[in-house]
Amino acid sequence: MSILSERSKFKINERSFIDFDLIGPKDTTDKLVKYYFNNNMNKTYIILNFVKKVRGEYKKRFFRMINLTFGKHAVRILINGIKRGANDIWICKRIAEQYSIEATDQIRANRRVKMLERYLGPEILQDAKIMDLGGEDALAHNILFNKYNVKDYHVLNVKGEYYHRRNLEEHFAAKKAKFMWYDGKRLPDNLPVYDIIMMNNVVHHISIHDLKTLIDSMKKHAKYVIIKDQNIKDKILHEIYVIQHMIYDTITTGKVAAPYIEQYSAEYIKSLFSPDDWSLIKENIDESLKNYNMSYVLVLHSK
Ligand SMILES: C[S@@+](CC[C@H](N)C(=O)[O-])C[C@H]1O[C@@H](n2cnc3c(N)ncnc32)[C@H](O)[C@@H]1O
């Protein structure tokens with residue numbers, strides 16, 4: 108359907124505006140989730156309203172995020188859609204038409220391997236047993252297997268709580284990397300001790316209550332832990348992050364997706380590892396608003 112024929116359907120609905128500024132990050136997500144499931148996405152204008160109200164460095168950052176995550180064409184779609192008063196599903200669907208999950212997977216896997224190389228180094232990676240907690244694909248495994256002969260690459264993920272980008276059981280059945288569902292709260296006791304447990308962009312999906320229990324159970328199964336996540340302490344940046352997820356999850360799953368998103372500071376994550384038992388061997392905390400990849404990486408070693 109052309110933009111013009113769809114255009115007649117767009118009407119800005121006052122009720123679809125969520126005033127994110129009045130509420131904190133956790134509430135923002137809860138509100139968004141409730142809102143989506145109580146409304147039809149054809150009637151929501153979260154992206155449009157956000158772009159209209161956001162200013163200055165935040166606006167630049169929003170468009171930089173769209174460009175880096177979804178490509179230049181997505182920026183054009185967004186600008187076009189905003190001029191025409193498009194709703195959320197229209198924008199997500201148009202972006203999805205030109206988006207490749209496979210290409211994104213490869214970029215993400217390369218990034219993950221680079222992170223492991225940079226923060227742990229080849230000696231630790233050689234022949235390592237690795238757990239990718241909250242992993243979704245086996246591409247990093249392919250690279251690590253060829254380069255470092257990794258012995259084990261075990262992916263654990265949680266069923267149902269999140270819209271996965273693909274059928275994980277099917278994907279992993281055809282790969283050498285092992286895959287298992289777990290309850291998302293505690294690692295099963297019968298798992299071995301891994302050289303490395305990695306959590307890449309996962310902790311922001313876990314509630315504060317579950318995160319502590321999960322990390323406690325993880326400590327029994329890891330020599331090194333590497334955690335990377337977003338370093339966001341600001342409401343508007345959080346809002347940008349929620350919108351990015353919303354677009355991403357909607358385009359990759361084809362369903363209306365409103366993710367659960369918390370923000371934890373690097374300091375909070377570090378506080379979950381007692382210095383009596385764990386040493387922080389590396390950390391990198393990026394606080395620059397200008398940098399889209401504003402994130403932290405923490406590497407801990409069991410004493
Ligand atoms: C943004 S994706 C990141 C995927 C992958 N780690 C990567 O870097 O490409 C977040 C993933 O975290 C998973 N997740 C959410 N809660 C989890 C939990 N409690 N335990 C493990 N994984 C979880 C989701 O199912 C999803 O696959």
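Under the numbering used here, residues 108 to 410 are what the sequence shown spells out, in order.
Glycine residues also receive a C-beta, built at the ideal position from the N, C-alpha and C atoms.
Fair warning: this is a prediction, and the values are worked out from it, not measured in the lab.
Cutoff 6 Å; reference residue i; Cβ partners in own chain excluding five residues on either side
i	result
Y355	none
L298	H328
Q205	H180
V406	Y226, I333, I388, K389
Y403	N338, A373, I392
Y165	I343
K282	A245
L263	L240, M287, Y289
Residue environment, residue i, which counts as buried when at least 16 other CB atoms sit within 10 Å
i	result
Y375	exposed
D384	exposed
W288	exposed
L175	exposed
A210	exposed
T320	exposed
H274	With the sequence shown as reference, residue 274 is identified as Asn, and His is not the correct amino acid for it. Exposed, since its Cβ has fewer than 16 Cβ neighbours within 10 Å.
I153	buried
E276	exposed
I347	buried
R201	buried
N194	buried
C-alpha distance - residue i paired with residue j, whole-angstrom precision
i	j	result
I322	I231	21 Å
E394	D336	12 Å
Q233	T151	49 Å
K377	M305	15 Å
K118	G192	Since pLDDT at K118 reaches only 30, below the 50 mark, its modelled position is unreliable, and the value read off the structure follows with that caveat. Their Cα atoms are separated by approximately 7 Å.
S207	K410	43 Å
H261	N156	42 Å
G241	S381	23 Å
Y301	M238	7 Å
T360	H352	12 Å
R272	E243	8 Å
F286	D296	16 Å
V349	G228	33 Å
S386	F177	37 Å
H311	R183	29 Å
Y331	A284	19 Å
K326	F252	25 Å
K340	Q370	7 Å
G163	V309	29 Å
I250	F279	15 Å
Per-residue DSSP class, three states only, for residue i
i	result
F380	coil
V332	strand
D128	Because the pLDDT of D128 is 35, which lies under 50, any placement of that residue in the model is unreliable, and the number read from its coordinates should be weighed accordingly. In this structure, D128 counts as helix in the three-state DSSP scheme.
K389	strand
N253	helix
D259	strand
V158	helix
N274	coil
N264	strand
Y348	helix
Y289	strand
I165	The question names Ile, yet the displayed sequence has Tyr at residue 165. If DSSP states are grouped into helix, strand and coil, Y165 belongs with the helices.
Y152	coil
N371	According to the sequence as given, residue 371 is Tyr; it is not Asn. Correct three-state label for Y371: coil.
Same chain only: Cβ atoms within 7 Å of residue i, ignoring 5 sequence neighbours per side
i	result
L246	D212, Q213, A216
K219	Note on residue identity: the sequence assigns Arg, not Lys, to residue 219. Answer for R219: A247, N307, listed in chain order.
I189	L155, V158
N256	Q233, D234
Contact set for residue i: own chain, Cβ-Cβ below 8 Å, skip 5 residues either direction
i	result
D290	V265
D317	G291, K292
E224	L232
Neighbour flag for residue i against chain C, beta carbons, 7 Å
i	result
A203	Among the protein chains of the structure shown there is no chain C, as only one such chain exists.
Can you list the alpha helix (DSSP H) stretches of 4 or more residues lying completely in the region 207 to 243, in chain order?
208 to 226, 229 to 232
task: Starting from the N-terminal side, write out each stretch of the alpha helix (DSSP H) that is 4 residues or longer and does not extend beyond the region 294 to 339.
output: 315 to 326
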